[in-house]
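Here is the structure we will look at.
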Amino acid sequence: EKTRNYLPLKELLEIVQSKLEESNVDNASVDTLISLEEQLETALSVTRARKTELMMGEVKSLQKTDLAEKIRNYLPHKELLEIVQRFSNIYGGTARDCSVSN
1 EKTRNYLPLK ELLEIVQSKL EESNVDNASV DTLISLEEQL ETALSVTRAR KTELMMGEVK
61 SLQKTDLAEK IRNYLPHKEL LEIVQRFSNI YGGTARDCSV SN
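Numbering follows full-length UniProt numbering, in which position 27 of the sequence shown is assigned residue number 27; successive positions increment by one, without gaps.
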């Protein structure tokens, strides 16, 4: 729920900068500073969550690429075709539906 109420990052940074300039620091109330701190914590939390999401997607992509590379490098072509054929028989379709390159 907190994440829905945070300010856009650019706007938040502008507010923080204006509140923390030397002339305004002494005028900022504790409540204002607490509010800014909460906004920053929320923005940081949202940023970290997005970063984690992107990193997990990259890991999954690399794992898929790594698995495909291992299959291409370690399985003889004939054995790979047999596996594709068995998979096709189980899940429908034909081996021709699957593209296999050596």
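Glycine included, every Cβ here is placed at the ideal spot set by N, Cα and C.
- Item | Gln17 versus Glu58 - alpha carbon distance | To locate residue 17, count along the sequence shown from 1; it is residue 17. To locate residue 58, count along the sequence shown from 1; it is residue 58. For the pair Gln17 and Glu58, the Cα-to-Cα distance works out to about 34 Å.
- Message: Whether or not the segment 7 to 15 and the segment 32 to 45 are in contact is what I'm after, with contact meaning three or more pairs of Cβ atoms, one per stretch, closer than 8 Å; do they touch?
- Response: Yes, the segment 32 to 45 is in contact with the segment 7 to 15.
- Message: Under DSSP, the alpha helix (DSSP H) around Ser45 begins and ends at which residues?
- Response: Taking the sequence shown and counting its residues from 1, the one referred to as residue 45 is at position 45. Unbroken alpha helix (DSSP H) run through Ser45: Val30 to Tyr74.
- Task: Determine the direct distance from the alpha carbon of Glu37 to that of Val30, and round the result to whole angstroms.
- Result: Reading the sequence shown from its first residue, position 30 is the one you call residue 30. Reading the sequence shown from its first residue, position 37 is the one you call residue 37. Going from the Cα of Val30 to the Cα of Glu37 covers about 10 Å.
- Item | Whole-Å CB distance - Leu80 paired with Ile71, under 8 Å assumed | Numbered from 1 along the sequence shown, position 80 holds the residue referred to as residue 80. Numbered from 1 along the sequence shown, position 71 holds the residue referred to as residue 71. Between Ile71 and Leu80 the Cβ distance is about 7 Å, and since that is below 8 Å, they are a contact.
- Query: Under 7 Å, do Gln39 and Leu20 count as touching if we go by C-beta distance?
  - Reply: Here residue 39 refers to the residue found at position 39 when the sequence shown is read from its first residue. Here residue 20 refers to the residue found at position 20 when the sequence shown is read from its first residue. Cβ atoms of Gln39 and Leu20: not closer than 7 Å.
- Message: Taking the straight line between their C-alpha atoms, what separation do you get for Ile83 and Glu14?
- Response: By one-based count along the sequence shown, residue 83 stands at place 83. By one-based count along the sequence shown, residue 14 stands at place 14. Spanning the two alpha carbons is a distance of roughly 59 Å.
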